[in-house]
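Peer 1:
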Amino acid sequence: MKPDGVRRGLVGEVISRVETKGYSIEALRMLNADRALLERHYAEHIGKPFYEPLVEFMMSGPIVAIVASGNRVIEGFRSLAGVTDPTVAAPGTIRGDLARDQGTKVVQNIVHGSDSPESAAREIEIFFPK
697 MKPDGVRRGL
707 VGEVISRVET
717 KGYSIEALRM
727 LNADRALLER
737 HYAEHIGKPF
747 YEPLVEFMMS
757 GPIVAIVASG
767 NRVIEGFRSL
777 AGVTDPTVAA
787 PGTIRGDLAR
797 DQGTKVVQNI
807 VHGSDSPESA
817 AREIEIFFPK
């Protein structure tokens with residue numbers, strides 16, 4: 697969960713939606729992400745115009761990292777989250793129901809979801825180090 701969702705008190709709502717969908721929460725961690733962690737997480741975006749505003753936004757408050765499990769959880773969560781732009785996200789999705797365009801340099805859309813098993817494994821290593 698991104699800082700906007702945490703700041704607005706939506707952690708319980710998002711977790712409830714994930715569990716209502718039938719997925720299990722395997723791990724959960726609230727943290728203040730630092731630049732080093734975010735550089736690892738967003739490595740593929742370094743140098744892009746939105747990179748610095750994105751990192752600044754992600755450092756603006758606590759985030760909640762969650763590992764969920766269940767059949768087809770990656771594509772299921774991405775469907776539950778909705779499209780990136782909250783203005784066009786469908787009703788019934790997390791972003792469609794809970795996010796709004798803040799008119800900021802970077803889209804504040806409440807949640808992030810891994811896009812593949814490989815991304816999930818990499819992100820779990822970053823947010824849940826052993």
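If you read the sequence shown in our numbering, its first letter stands for residue 697, the second for the next number, and so on.
Cβ coordinates follow ideal geometry from the N, Cα and C atoms, glycine included.
These figures come from a predicted structure and were not determined experimentally.
Check for me: the alpha helix (DSSP H) holding I711 runs from which residue to which?
Peer 2: Position 15 of the sequence shown, counted from the first residue, corresponds to residue 711. Taken as a continuous stretch (DSSP letters only), the alpha helix (DSSP H) holding I711 covers V707 to T716.
Peer 1: In chain order, what residues of the same chain lie with their CB nearer than 6 Å to the CB of P749, ignoring the 5 residues before and after it?
Peer 2: Residue mapping note: residue 749 aligns to position 53 of the sequence shown, counting from 1. Cβ within range, chain order: K801 and V802.
Peer 1: Mind checking whether I762 and K698 have CB atoms under 8 Å apart?
Peer 2: The residue given as residue 762 occupies position 66 in the sequence shown. The residue given as residue 698 occupies position 2 in the sequence shown. Cβ atoms of I762 and K698: not closer than 8 Å.
Peer 1: Do I822 and H737 have their beta-carbon atoms positioned less than 8 Å apart in this structure?
Peer 2: Within the sequence shown, numbered from 1, the residue matching residue 737 stands at position 41. Within the sequence shown, numbered from 1, the residue matching residue 822 stands at position 126. In contact: H737 and I822 (Cβ atoms closer than 8 Å).
Peer 1: For G809, which residues of its own chain have a beta-carbon under 6 Å away from its beta-carbon, when the five flanking residues on both sides are left out?
Peer 2: Position 113 of the sequence shown, counted from the start, is the residue given in the question as residue 809. Closer than 6 Å at the Cβ level, and outside the excluded window around G809, lie F773, R774 and A777.
Peer 1: Determine whether the beta carbon atoms of R791 and I770 lie at a separation below 8 Å.
Peer 2: For the purposes of this step, residue 791 is identified with residue 95 of the sequence shown, where counting begins at 1. For the purposes of this step, residue 770 is identified with residue 74 of the sequence shown, where counting begins at 1. Contact flag unset, no.
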